[in-house]
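Asker: Following this message is one structure expressed as structure tokens.
See below:
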């Protein structure tokens, strides 16, 4: 019988929790009926409860839950039957009967369903293990025709391998790619949280060791080929749409002196040193402040085709995360999110004029730090062709 929950490892704890009442409670009642010297009426009452339960769960429930209860009811009956007939056997048959009565049936009653539930999880874990050759030599990935990375598999469970560009297990990753010939892909996705379970390279280990002390916590990072990065996935074009919507609202409210695309006159807009600008909005449903920091051609980035824009979200408790999307290489965009473990809670406001230059410098420094971390880890894996 095919295991119904194979390849769905998340349901195992739930299935285990359901197995115990469906199997062991019925098993306990059946054992009491068969082995104890209770009043006959009490035993009949227990039998009615077990029988009614089997009838009740049979039509609507999963067949496996019905089998849990059915085997729980029948195991004590089968065990008692074999014990009652052991005197009819002689020689080798008697020894086999004793083995069944005192070894096989008790073990089956105790361990059959737990093994049935747990074995697919163990098989899945075993099949995901990479070979020693793959762990030693890694695999080559080519992105956007101008970058080749050597990625090393990590000892992880199921689909939790931190490289998710093919949605494969670690072993499948090793089988699909080569250690000598790079295979092209259009997208790489990384989970820095999963990476820190088993960091491999010096920069990975340094980042993971300093997470608790540092102010930057990276989550998911994606690199996409330029022709695969739609404008709707980038922050700057999305901000243009929102700014135009706000500008149109102001024009319809009587601000006729505003020219189209004249964002400098918007109420939620403020400029800072070095061409840095801030646009602030407010999510009333979630009580979050949303702000975009616009930086024209920062000197710590690859030359950009459009203004570098940070999308940040700050809640009233001072917890903040920011998303950055920019041209990482000539033919590839990078998209990642990072959290700031320390923020200035007293600057939770939707009025841009209340933000100081020092506060903006802090946000830019955090963005630069996140960029440096991502770059150091990726460049460490990059190889020259």
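Numbering (the working numbering), first residue to last: 135 to 519.
We put the beta carbon where it would ideally sit given N, CA and C, even for glycine.
Keeping to the same chain, check which residues put their C-beta closer than 7 Å to that of residue 422; ignore five residues upstream and five downstream.
Answerer: Apart from sequence neighbours up to five positions away, the residues of its chain that approach residue 422 with a beta-carbon distance below 7 Å are 447, 448 and 449, ordered along the chain.
Asker: Assign residue 312 to one of three DSSP states: helix, strand, or coil.
Answerer: coil
Asker: Determine the DSSP secondary structure at residue 355, reduced to helix, strand or coil.
Answerer: strand
Asker: When the Cβ atoms of the segment 312–331 are set against those of the segment 423–440, are three or more pairs found closer than 8 Å?
Answerer: no
Asker: Please report the distance separating the alpha-carbon of residue 104 from that of residue 282.
Answerer: Because the chain is modelled from 135 through 519, residue 104 falls outside the range shown and cannot be assessed.
Asker: Buried or exposed for residue 192, going by 16 or more other Cβ atoms inside 10 Å?
Answerer: exposed
Asker: Quick one: what does DSSP say residue 406 is sitting in, helix, strand or coil?
Answerer: coil
Asker: Consult DSSP for residue 514 and reduce its assignment to one of helix, strand or coil.
Answerer: helix
Asker: On a Cα-Cα basis, can you pick out the residue from 153, 307 and 234 that is closest to residue 219?
Answerer: Among 153, 307 and 234, the Cα nearest to that of residue 219 belongs to 234.
Asker: Expressed to the nearest angstrom, what Euclidean distance is found between the alpha-carbon atoms of residue 162 and residue 239?
Answerer: The alpha-carbon atoms of residue 162 and residue 239 are separated by roughly 15 Å.
Asker: Closer than 6 Å by C-beta to residue 415: which residues in its own chain qualify, once you throw out the five before and the five after it? Chain order, please.
Answerer: Hits under 6 Å: 424.
Asker: Assuming residue 322 is part of the beta strand (DSSP E), what are its boundary residues?
Answerer: 321–325
Asker: Any contact between the segment 426–433 and the segment 491–498? By contact I mean 3 or more CB pairs, one from each, below 8 Å.
Answerer: yes
Asker: Residue 214 lies in the alpha helix (DSSP H); which residues open and close that run?
Answerer: Bounds of the alpha helix (DSSP H) holding residue 214 are 197–218.
Asker: State buried or exposed for residue 469, treating a residue as buried only when at least 16 other CB atoms are found within 10 Å of its CB.
Answerer: buried
Asker: Over what stretch of residues does the beta strand (DSSP E) that includes residue 490 continue unbroken?
Answerer: Taken as a continuous stretch (DSSP letters only), residue 490 belongs to no beta strand (DSSP E), as it is neither H nor E.
Asker: Helix, strand or coil: how does DSSP classify residue 447 here?
Answerer: strand
Asker: If we ignore side chains and look at the alpha-carbon of each, how far apart do residue 473 and residue 198 end up?
Answerer: 44 Å
Asker: What beta strand (DSSP E) runs, 3 residues minimum, are completely inside the segment 224–284?
Answerer: If one requires a minimum length of 3 residues, the beta strand (DSSP E) runs lying completely within the segment 224–284 are 273–277, in chain order.
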